[in-house]
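Everything on this sheet refers to the single structure shown next.
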Amino acid sequence: MSVLDVRDLQTHFFTDAGVVKAVDGVSFSLDAGEVLGLVGESGSGKSVTGFSILRLVDAPGRVVGGQINFKGQDLATLSNREMRSLRGNRIAMIFQDPMMTLNPVLRIETQMVEAVRAHHRVSHAAAKDRAIRVLARVGIPSPADRLAAYPHQFSGGMRQRVAIAIALLNGPDLIVADEPTTALDVTIQSQILAEVQELARETGTALIWITHDLAVVAGLADKVSVMYAGRIVESGPTDDVLTAPGHPYTEGLLGSIPGHGRRGERLTQIPGMAPNMARLPVGCAFAPRCHRVDETCRAKAPAITDIGPKRGLRCFHPIVETEGAA
Amino acid sequence: MTAMLELNGVSRRFEKKLDGVERLARRLGADLRETCVNAVDTASFTVARGEVVGLVGESGCGKSTLGRMVAGLLPVSDGEIRFEGIDITDARSARAREKRLRIQMIFQDPMSSLNPRMKVADIIGEAAVYHGLTNRQSVADYVDQLLEKVGLDRAFAQRYPHQMSGGQRQRIGIARALAVKPEFLICDESIAALDVSIQAQVINLFQDLRRDLDLTYLFISHDLGVVEHIADRVVVMYLGRIVEVAPTEALFDGPRHPYTQALLDQVPRLGAGRQVFRTVKGEIPSPLNPPPGCHFHPRCPMAGPRCRRDVPRRITEGDHSTACHLHDGGTE
Ligand SMILES: Nc1ncnc2c1ncn2[C@@H]1O[C@H](COP(=O)(O)OP(=O)(O)OP(=O)(O)O)[C@@H](O)[C@H]1O
Ligand SMILES: Nc1ncnc2c1ncn2[C@@H]1O[C@H](COP(=O)(O)OP(=O)(O)O)[C@@H](O)[C@H]1O
Ligand code: SF4
Ligand code: SF4
Ligand SMILES: [Mg+2]
Ligand SMILES: [Mg+2]
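These protein sequences, in sequence, are chains A and B. Residue 157 in the numbering used here sits at position 157 of the first sequence, with consecutive numbering throughout. Residue 1167 in the numbering used here sits at position 167 of the second sequence, with consecutive numbering throughout.
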């Protein structure tokens, strides 16, 4: 049984400018120890997807449809109290800004001990012990001494590691990580990626890694889902998707990454910019920027189609005509 | 070949003054001193006309401070910066001022460097009029031409910065810099805040402008992929010091300094398949209290006794220079 199974999730924001369908029919599932990379440009709905899973969407936003099954349990049916006892315990979230997790006026020790004791009846000493072990695990040197510090006494990279340690504290089954390394240096990023990778392997924690960096996904994730304008437009095993993208948007994203072996070449440009989510076109949302667009695409929106056992694609004219593709 | 830009032993120190409480504590006998950060420590390198030189290193290593000194936005503490042979650090010299106008800087966050109450037309046109590159009558045409150069519709001239996307604002920042007809652009993390597809648009724009306007760049970025793509040569900094300078290909194919080697090892790459992320141990140390000798020694797998004692010299072989004892007689 999968750890997480999201079916047709819809989260909309009811704003003055109109209804923003930030997440509009998103589906994916995750097994124990599996890492899913959720990629897309800013505004495509990645964070809202993550917040929806943890039921952290605030007004004017609301989950208006779909199911989120966590270990066979529909999260929508849980009371707020039941949800709180899952959050920070069986399901944890890591944010881009570690101060979303950390309280600036409390010592690290207080925050970590509370986080354990909110969910487990253990002594202060036992909770502290656990905190020290987890801090060591994420590479904080002399963790026992650092417990007395306040968040502002750590560098940005260290703070993010403390936030990750708090997410790990109760050995969750699922971690949703929302761009946690985007603001960090490559050296710190790769330390954190190394730790997270080992963790998923050793403890069987399933991981959703939200990022706009396809290179990180390439190195870290087992499978990838590419989001555009609130929908998943392509998904599949990471290597398959990145070596043979089927969706013009995925192809464009890959072409726009500078890197090895392409020195000085012109990068592929995806023309235009991300769409206004309150005023999406009738047909395919990518149509105004797509070089394969035709009348069909402008008339109606493509549905997601399976093109192989684990691969889905939302496009009338995909790049590789695999068997089963429309 | 004479260099267009030449830095000789350029340093910048920042004093951290004690605050009121600390001054009081010191009067009461606490051992508190005014601390000093060597943000940039005797930096020397050159940039030839038409070249793109990338400047890389971890956060806080002094990249922006160096860029701001070259742009004349920050005085140097020591050393000289020559542009076409003229020392531009002399604030009083009219020739230095005239040269400095040829150097323009583009910033990471265009929002904070663009006046929110000014229309795009005025943002772009103001400096050009002031410096006599156009006049009140023809400034509108001048602005239109610049907008076209950076790939924006002329209708944008009537907008305010907040009415535009990040990528469009970045183009306005570029148009404003181009308005005074610079020959040398310093781009400080100019695309870091943009989405990948928009990043590609701006990188292509930089390449086009380089060709069309004969520009020379100092390109500051912590994104090694971007630097590898755009730069001809790369300067690597660590904690205020330049540790390696080499042509891009030589640096990426055969980095010589252990820090550069570690840095390149960490870059996630497409096409590498599933990666086992390796790490340089530890974090970049505090610049307030840098390690003695080679600043990198606490994190360096090759460090020996000499590294804890002596500051390495930069040794040049051909067009590749490295500041590491391994390349200068050993670490014993
Ligand atoms: N005005 C200032 N006063 C005091 N210290 C400063 C000042 N400006 C910079 N510094 C210090 O100088 C060092 C270099 O800073 P700089 O901004 O040049 O780094 P950077 O390499 O551009 O980093 P980033 O990648 O984060 O932009 C840092 O330790 C910084 O804290
Ligand atoms: N509180 C909110 N009110 C209105 N719209 C919102 C709110 N939060 C997010 N949105 C909209 O939802 C869409 C998806 O946002 P988000 O999930 O944050 O994107 P990202 O993929 O960058 O994480 C965007 O169009 C955003 O403007
Ligand atoms: S459906 Fe049409 S417009 Fe949309 S991505 Fe596919 S080809 Fe492009
Ligand atoms: S000088 Fe010594 S410590 Fe510094 S990089 Fe070279 S080997 Fe490492
Ligand atoms: Mg987000
Ligand atoms: Mg900087």
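In this text, a Cβ means the ideal position worked out from N, Cα and C, and glycines have one as well.
Residue burial classification, residue i (beta-carbon count within 10 angstroms, cutoff 16)
i	result
ASP213 of chain A	buried
THR14 of chain A	For clarity, residue 14 of chain A is Phe in the given sequence; the question names Thr instead. PHE14 of chain A should be labelled exposed.
ALA299 of chain A	exposed
PRO309 of chain A	exposed
SER1286 of chain B	exposed
GLU1098 of chain B	exposed
ARG266 of chain A	exposed
ARG1211 of chain B	exposed
TYR228 of chain A	buried
LYS1063 of chain B	buried
GLN1163 of chain B	exposed
LYS1016 of chain B	exposed
PRO1301 of chain B	exposed
GLY1330 of chain B	exposed
PRO1305 of chain B	exposed
Cβ pair residue i, residue j closer than 8 angstroms
i	j	result
ALA124 of chain A	ASN89 of chain A	Sequence check: residue 124 of chain A is His here, not Ala. No. Outside cutoff.
ASP176 of chain A	ILE208 of chain A	The amino acid at residue 176 of chain A is misidentified as Asp; the sequence shows Val. In contact: VAL176 of chain A and ILE208 of chain A (Cβ atoms closer than 8 angstroms).
LYS1119 of chain B	GLN1170 of chain B	no
GLY72 of chain A	MET1 of chain A	yes
ALA1140 of chain B	ALA1127 of chain B	no
ARG1095 of chain B	PRO1182 of chain B	no
ALA1048 of chain B	ALA1003 of chain B	yes
LEU1205 of chain B	GLY1293 of chain B	no
THR11 of chain A	ARG62 of chain A	yes
LEU9 of chain A	SER52 of chain A	yes
GLU1244 of chain B	SER1321 of chain B	yes
LEU4 of chain A	LEU199 of chain A	no
LEU1005 of chain B	VAL1076 of chain B	no
ARG1241 of chain B	HIS1297 of chain B	no
LEU1185 of chain B	GLN1104 of chain B	yes
ASP178 of chain A	MET93 of chain A	yes
ILE307 of chain A	GLY252 of chain A	no
LEU184 of chain A	GLY156 of chain A	yes
VAL39 of chain A	THR211 of chain A	yes
ILE304 of chain A	ARG314 of chain A	yes
Below-8 angstroms beta-carbon distance, residue i vs any chain B residue
i	result
SER190 of chain A	yes
SER42 of chain A	yes
PRO281 of chain A	no
CYS315 of chain A	no
MET227 of chain A	no
VAL138 of chain A	no
ILE108 of chain A	no
LEU242 of chain A	yes
HIS247 of chain A	no
ILE270 of chain A	yes
HIS212 of chain A	yes
Residue i to residue j span [Cα, whole Å]
i	j	result
VAL216 of chain A	ASP1019 of chain B	42 angstroms
ALA167 of chain A	GLY1050 of chain B	50 angstroms
LYS1281 of chain B	GLU195 of chain A	12 angstroms
PHE1219 of chain B	VAL1202 of chain B	13 angstroms
ARG117 of chain A	ALA127 of chain A	7 angstroms
VAL64 of chain A	VAL293 of chain A	30 angstroms
ARG289 of chain A	GLY272 of chain A	6 angstroms
LEU242 of chain A	GLN191 of chain A	24 angstroms
VAL134 of chain A	VAL48 of chain A	28 angstroms
LYS46 of chain A	ASP1090 of chain B	51 angstroms
Any chain A beta carbon closer than 8 angstroms to residue i
i	result
ARG1313 of chain B	no
GLN1199 of chain B	yes
ILE1220 of chain B	no
HIS1229 of chain B	yes
ILE1203 of chain B	yes
SER1165 of chain B	yes
GLN1266 of chain B	yes
ASP1195 of chain B	yes
LEU1270 of chain B	yes
Near ligand 8: residue i beta-carbon under 7 angstroms from a heavy atom
i	result
ALA287 of chain A	Ligand 8 is not part of the structure shown, which contains ligand 1, ligand 2, ligand 3, ligand 4, ligand 5 and ligand 6 as its ligands.
Quiz item: Going along the chain, which unbroken runs of the alpha helix (DSSP H) with 4 or more residues stay wholly within the region 223-263 of chain A?
Solution: 238-243 and 248-255
Exercise. Just list the alpha helix (DSSP H) runs in the region 1188-1231 of chain B, keeping only unbroken ones of 4 residues or longer that don't cross its boundaries, in chain order.
Key: 1196-1213 and 1224-1230
Quiz item: Which whole runs of the beta strand (DSSP E) in the region 1028-1084 of chain B are 3 residues long or more, in chain order?
Solution: 1035-1047, 1052-1056 and 1078-1083
Practice problem: Give, in chain order, every unbroken run of the beta strand (DSSP E) that is at least 3 residues long and sits entirely within the region 162-228 of chain A. | Solution: 174-178, 206-211 and 223-228
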